[in-house]
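Q: Provided herewith is a single structure, encoded as structure tokens, for subsequent inquiry.
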Amino acid sequence: MHANSLDWITKTVDDMKLRRKGMDKNIEISDPFIYNRKKTPKAKVTVKKEKKIVKKTSIKPKEITPLTLQALLNNRAKISGKWYKKGDRIRGLKLLHFSQNSVTLKSASKEDRLILKKKTNKIRLIKLRN
Numbered sequence: 860m861h862a863n864s865l866d867w868i869t870k871t872v873d874d875m876k877l878r879r880k881g882m883d884k885n886i887e888i889s890d891p892f893i894y895n896r897k898k899t900p901k902a903k904v905t906v907k908k909e910k911k912i913v914k915k916t917s918i919k920p921k922e923i924t925p926l927t928l929q930a931l932l933n934n935r936a937k938i939s940g941k942w943y944k945k946g947d948r949i950r951g952l953k954l955l956h957f958s959q960n961s962v963t964l965k966s967a968s969k970e971d972r973l974i975l976k977k978k979t980n981k982i983r984l985i986k987l988r989n
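In the working numbering, the protein residues as written are 860 to 989.
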């Protein structure tokens with residue numbers, strides 16, 4: 860061990876300051892960083908592009924199906940397959956009012972009423988005895 864515990868650090872730093880052998884002052888070192896340099900223009904090559912024949916197909920707009928009232932249950936309405944409650948918006952119309960067999964839809968300019976068209980035999984209510 861060294862007499863002073865920090866002597867070895869001083870010696871190591873002094874050794875690093877010495878000029879390294881094998882390095883010549885005249886050696887040119889290239890820059891290790893890559894820069895965006897302007898590329899020299901190359902000779903222009905013309906390439907003929909083939910013409911592609913594209914078949915134009917007409918895209919039909921989605922047909923808007925009319926809204927149909929399918930069911931009314933506990934202040935909810937099944938309209939065109941989805942359940943809505945009072946205040947919900949359907950295609951820009953606000954569900955405003957429920958009655959026994961219809962709902963009222965309102966927009967800024969018009970008011971529509973959807974009516975339950977037919978009664979279904981699929982739903983059966985069974986009264987249970989207590």
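Ideal placement from N, C-alpha and C gives every residue a C-beta, glycine not left out. Just so it is clear, the structure is predicted and the values come from calculations on it, not from any experiment.
Between isoleucine 974 and the rest of its own chain, which residues show a CB-CB distance below 8 angstroms, the 5 nearest in sequence each way excluded?
A: Leu928, Asn960 and Ser961
Q: Please classify isoleucine 923: is it buried, with 16 or more other beta-carbons within 10 angstroms of its beta-carbon, or exposed?
A: exposed
Q: Identify the continuous alpha helix (DSSP H) that holds aspartate 873 and give its terminal residues.
A: 866-876
Q: Where tyrosine 943 and lysine 969 are concerned, what is the direct C-alpha to C-alpha distance, given to the nearest angstrom?
A: In a straight line, the C-alpha of tyrosine 943 is about 20 angstroms away from that of lysine 969.
Q: Quick one: what does DSSP say arginine 950 is sitting in, helix, strand or coil?
A: In this structure, arginine 950 counts as coil in the three-state DSSP scheme.
Q: Residue range of the beta strand (DSSP E) that threonine 963 falls in?
A: 961-965
Q: For a test of the three-state rule: what should DSSP assign to glutamate 887, helix, strand or coil?
A: coil
Q: Using the three-state DSSP reduction, which class does glutamate 970 fall into: helix, strand or coil?
A: If DSSP states are grouped into helix, strand and coil, glutamate 970 belongs with the strands.
Q: Residues in its own chain within less than 7 angstroms of isoleucine 949 by CB, not counting five upstream and five downstream?
A: For isoleucine 949, where only same-chain residues beyond five positions count, the Cβ hits under 7 angstroms are Leu926, Ile938, Tyr943 and Leu964.
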